[in-house]
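Below is one structure, written out as structure tokens, with a few remarks after it.
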Amino acid sequence: MNKLEEIKKRTEIVTDTLAYIDLEDFNWLVEAVTYYEKALEEIADHKNTLYAAISQSVLNKVKS
5 MNKLEEIKKR
15 TEIVTDTLAY
25 IDLEDFNWLV
35 EAVTYYEKAL
45 EEIADHKNTL
55 YAAISQSVLN
65 KVKS
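Position one of the sequence shown corresponds to residue 5 (the working numbering), numbered consecutively onward.
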């Protein structure tokens, strides 16, 4: 099964499962996903900052 087919299948499973979740649980799930999305964005920002610092350090070493 290729990646797209796998994503479609898993999306169907999740959609079917969500049909049985009540509104309070669904809202909690949305909050959890939002929290993790923000955390991943922060991690990406820190990674980019780290890469920039490493690049600058390498450039400084090459220049000297």
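Here a beta-carbon is modelled for each residue, glycine too, at the ideal position from N, C-alpha and C.
Predicted model only: the values in this text are computed from it and were never measured.
| Asked | Found |
| --- | --- |
| Reduced DSSP secondary structure (H/G/I, E/B, other) of N6 | coil |
| Start and end residues, alpha helix (DSSP H) containing I25 | Run containing I25: none; DSSP gives neither H nor E here. |
| DSSP state of S68 mapped onto helix, strand, coil | coil |
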